[in-house]
Amino acid sequence: MTAEPSATESRDFIREQIAGDLASGVHEGVVTRFPPEPNGYLHIGHAKSICLNFGVAQEFGGRCHLRFDDTNPVKEEQEYIDSIQEDVRWLGFDWGDNLFYASDNFETLYTWAEHLIETGNAYVDDLSADEIRAYRGTLTEPGRNSPYRDRTPDENMDLFRRMRAGEFDNGAKVLRAKIDMASGNINLRDPVIYRILHAAHPRTGETWCIYPTYDFAHGQTDAIEHITHSLCTLEFEDHRPLYDWLIEHLPVPSRPRQYEFARLNLTHTVLSKRRLMQLVSEKRVAGWDDPRMPTLSGLRRRGVPPGAIRDFVGRLGIAKTNSTVEMAYLESCMRELLNKTAARRMAVLRPLKVVIENYPEGDGELLEAVNNPEDESAGSRQIPFSREIYIEQEDFMEDPPKKFFRLAPGREVRLRYAYFITCTEVIKDEAGNVVELRATYDAETRGGDSPDGRKVKATLHWVSAAHAIPAEVRLYEHLFDAPDPGAGKDGDFLADINPNSLEVLNDCWLEPALGDTSLDETVQFERLGYFCPDPDGSAAKPVFNRTVGLRDNWARLQAKGQQNG
RNA sequence: UGGGGCGUGGCCAAGUGGUCUAAGGCACCGGUUUUUGGUAUCGGCAUUCGGAGGUUCGAAUCCUCCCGCCCCAGCCA
1011 MTAEPSATES RDFIREQIAG DLASGVHEGV VTRFPPEPNG YLHIGHAKSI CLNFGVAQEF
1071 GGRCHLRFDD TNPVKEEQEY IDSIQEDVRW LGFDWGDNLF YASDNFETLY TWAEHLIETG
1131 NAYVDDLSAD EIRAYRGTLT EPGRNSPYRD RTPDENMDLF RRMRAGEFDN GAKVLRAKID
1191 MASGNINLRD PVIYRILHAA HPRTGETWCI YPTYDFAHGQ TDAIEHITHS LCTLEFEDHR
1251 PLYDWLIEHL PVPSRPRQYE FARLNLTHTV LSKRRLMQLV SEKRVAGWDD PRMPTLSGLR
1311 RRGVPPGAIR DFVGRLGIAK TNSTVEMAYL ESCMRELLNK TAARRMAVLR PLKVVIENYP
1371 EGDGELLEAV NNPEDESAGS RQIPFSREIY IEQEDFMEDP PKKFFRLAPG REVRLRYAYF
1431 ITCTEVIKDE AGNVVELRAT YDAETRGGDS PDGRKVKATL HWVSAAHAIP AEVRLYEHLF
1491 DAPDPGAGKD GDFLADINPN SLEVLNDCWL EPALGDTSLD ETVQFERLGY FCPDPDGSAA
1551 KPVFNRTVGL RDNWARLQAK GQQNG
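In our numbering, the protein residues as written are 1011 to 1575.
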């Protein structure tokens, strides 16, 4: 794919830094990496990092690696390794041959741990996890040295080798870097760099029973891959001194630098792995790819084009201020792209039958409809028309308020690409509900234009009853009512779940052309919104998901009217 | 109370001492166009840059102090 021009001319501080490093000769090229831990599915927050890392590499003619930060086998799974690759590719990025795993370097990392021991910069500690915590001090009080801190290099080496050999149980011992227990930066208070974990690793199996921690793996792996600019989020800012310390004290082949930017937060959803995991495991949603989820797989199933996500992330920019972006911004990016690319189709979600009494019984015809008014090359299609059609229930009102332009008794409206019709009769059931309409059509208005130039205030979408395909349509709203789930009372984000985030409509009718929609295509249902087929559907009964609705001024007007009484 | 960051309109975000009585986008309000109450288009929307002092002919940009918010006490990443 090609790099897309950024919304603004200016560069963010990271691109500024890279451009400067290239100009001054500090680096001859740029190498970045996207380093997910395979312990969950990627979400739109990761998209920001993916677009940054791959985007920067493209813009400066460098490369970007996909590297799995797989240092904790108790949380990581092959399923996640697979889904992450699929999602990054779907988003539109290609790592070529540069697929790596931190675990590729376990042997090297082990060697470097021994190097630290030899140089007196690491020691084996027998303290328990609780004791280590107690010795660590607090945010305001310095820590105390472990009684095992002064073991000799020989003793440490022996113990560390026995740790690797599997002589000790989980948690019995750890390897710690010997830095400064009094540091104001807690990451420097002798951080644990190796722990005993008798657990099978998705890549290395049973080979290891000790695993490096994030801090001992990340920077070194960057160095091994010759990463020039290691981009991560703000919470790692105070890990940078440790990152640098390790680079300085180890015989690494290159000297990468870490830069931090603010992670993405979005209103009306959650983006923490813990919470997403909880939604899935407690079955609050149908799975990681539930269309209401902010995961890339969820957005994909919802019909959001990857280009809309790239555009969104690009427009936000990169900075260091914590920010929460309104969901409306994302939705706006979806609409903007989809408006230009999505094929127009007609579908009736809540059908109301209309019988056109002066249209010959048994007759029918094909009418031409434009596929996309924004894109002439999309061509046109034929839509069947006949005596009985369905229109949207909300497009008719028996006793309309002044601003309602749609169908009403005695009123004439246009059926898109078809004819002008006039409502002549309202048929109700015993309960008084409108169940059917009678109408007449003007044969002179075929295609939707009146030869006498008379105007009509509304154009309705419709579907021929005899030709329509029955379908299920799923309407989605924000997964959470609250802009910031869990911000209220007890911090219980589940309490903010929107009980109406999914509405299933079972009696929908689609124009015939919709039967050919491919699974990865998002179309516009005219006047309603953008929709895409869901894999749950079948040829006989397709299922469509609403990606995002069209902007709806009428709905807004109504809402205002209700507000004002 | 230790360390590290950040504070520009409702939400993002440019701005790196004069061209800033502060760009752009989203949202919002209003007009025009329209066979989608969609799209497009036009106009409106911060005399002010967390606050107070100071330096300077001149500050959102430099200095000082203050205030607010975020992150860190996993053998998670």
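The beta carbon of each residue, even a glycine, is placed where N, CA and C say it ideally should be.
Asked: Could you tell me the distance, in whole angstroms, from the CA atom of T1018 to the CA atom of R1320?; Found: With a pLDDT of 40 at T1018, under the threshold of 50, the predicted position of this residue should be treated as unreliable, though the coordinate-derived value follows. If you take the alpha carbons of T1018 and R1320, they lie about 15 Å apart.
Asked: So, with DSSP's three-state summary, where would you put P1015?; Found: Low local confidence applies: a pLDDT of 37 at P1015 is under 50, so the model's placement there is unreliable, with the coordinate-based value given in what follows. DSSP places P1015 in coil when its eight states are reduced to three.
Asked: By DSSP, does L1560 sit in helix, in strand, or in coil?; Found: coil
Asked: Here's a check: name, in chain order, each residue in its chain whose Cβ is nearer than 8 Å to the Cβ of P1263, leaving out the five neighbours to either side.; Found: A1233, I1234, H1236
Asked: With three or more beta-carbon pairs closer than 8 Å as the criterion, would you say the region 1113–1132 touches the region 1331–1350?; Found: no
Asked: Would you call the region 1220–1233 in contact with the region 1092–1102, where contact means no fewer than 3 C-beta pairs closer than 8 Å?; Found: no
Asked: Out of curiosity, what's the CA-to-CA distance linking R1464 and Y1429?; Found: 13 Å
Asked: With a 10 Å radius around its C-beta and 16 neighbouring C-beta atoms as the bar for buried, classify Q1088 as buried or exposed.; Found: exposed
Asked: Rounded to the nearest angstrom, what separates D1544 and F1554 at their Cα positions?; Found: 5 Å
Asked: Would the region 1069–1081 count as touching the region 1100–1115 if we require 3 or more Cβ pairs under 8 Å?; Found: yes
Asked: Suppose contacts are defined by Cβ-Cβ distances below 8 Å. Is F1044 in contact with F1023 by that definition?; Found: no
Asked: Provide the residue(s) that pair with A1475 in DSSP beta bridges, ordered along the chain.; Found: None; A1475 has no bridge partner.
Asked: Cutting at 8 Å between CB atoms, please list the residues of its own chain near Y1111, excluding the five before and the five after it.; Found: R1077, F1078, D1080, R1213
Asked: Under the DSSP definition of a beta bridge, which residues are partnered with S1333?; Found: L1274
Asked: Out of curiosity, what's the CA-to-CA distance linking L1244 and N1197?; Found: 15 Å
Asked: Identify, in the order they occur along the chain, each residue of the same chain with its Cβ nearer than 6 Å to the Cβ of L1529, setting aside the five sequence neighbours on each side.; Found: P1543
Asked: Tell me the rounded alpha-carbon separation between W1298 and D1517.; Found: 27 Å
Asked: Ordered along the chain, which non-local residues of its own chain (more than five positions away) have a Cβ less than 7 Å from that of S1390?; Found: E1378, A1379, V1380, N1381
Asked: Roughly how many angstroms separate the alpha carbons of C1242 and Y1269, rounded to a whole number?; Found: 6 Å
Asked: Can you list, in chain order, the residues of its chain whose CB lies under 6 Å from that of H1471, leaving out five sequence neighbours each side?; Found: M1356, R1426, E1536, R1537
Asked: Taking K1283 as the reference, give the member of L1347, P1522, T1305 with the closest Cα.; Found: T1305
Asked: With a threshold of 16 other CB atoms inside 10 Å of the CB of D1140, please say whether the residue is buried or exposed.; Found: exposed
Asked: Between A1476 and the rest of its own chain, which residues show a CB-CB distance below 8 Å, the 5 nearest in sequence each way excluded?; Found: G1374, P1394, S1396, E1398
Asked: By DSSP, does V1444 sit in helix, in strand, or in coil?; Found: strand
Asked: Looking at G1539: is its Cβ nearer than 8 Å to the Cβ of G1525?; Found: no
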